[in-house]
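In what follows, a structure is listed as structure tokens, so that the remarks can point back to it.
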Amino acid sequence: MTVNHCENIEIVSKALGDHSGHAKLETRTGSGTGYISATGDEDVEFASIDELVETGTLPPPTFLKIDVEGSEMAVLRGARKVIEKQRPRMILATHGDEIDAECRSLLSEWNYDMQDIDHESGTVEMIVTPQP
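FYI, our numbering numbers position 42 of the sequence shown as 877, with every residue one higher than the one before it.
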């Protein structure tokens, strides 16, 4: 935060998904590639974006960047109310063809357009914008 001269940043130390609770995070994969796993080495607290907004922990977002190593659908489902009400723009990274297809189907149902911006080793990044 200091390096980038940002003063409007607050760190909320929670994993995001579609429910509250605890889970195991696998962190032995390297920097930035951790994922939820029954055999994970670190216990993390879970919350949904909807819950964090409803409790006032976070303000309603106008933009979401989602890159969660295979848990994209859980994060999207856990943000359903916020997405329906706020209609935030997003950058979404999907990991694998099946999860990519599931996310695209859900976002289409929610009346969003998707434009690919990167395809790299099984990961697709896309700009996701609400249709009018």
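No residue lacks a Cβ here, since even glycine has one placed at the ideal position from N, Cα and C.
- From the listed residues Thr958, Asp953 and Ser943, the smallest Cα separation to threonine 964 is found for Ser943.
- In terms of CA proximity to glycine 931, Met908 leads the group Gly852, Ala850 and Met908.
- Looking at the DSSP output, arginine 924 shares a beta bridge with Phe898.
- The beta carbon of threonine 862 sits closer than 8 Å to the beta carbons of Gly869, Gly875, Asp876 and Glu877 from its chain, once the five residues preceding and following it are set aside; these are given in chain order.
- Rounded to whole angstroms, the separation of the alpha carbons of glutamate 960 and leucine 851 is 19 Å.
- Proximity to arginine 915 across Gln950, Leu899 and Asp935 peaks at Leu899, based on C-alpha coordinates.
- Isoleucine 918 counts as buried, since at least 16 other C-beta atoms from the protein chains shown sit within 10 angstroms of its C-beta.
- Listed in chain order, the non-local C-beta contacts of glutamine 966 below 8 Å within the same chain comprise Asn946, Tyr947 and Asp948, local neighbours out to five positions each way being set aside.
- For glutamate 933, the closest alpha carbon among the candidates Thr958, Leu860 and Lys920 is that of Thr958.
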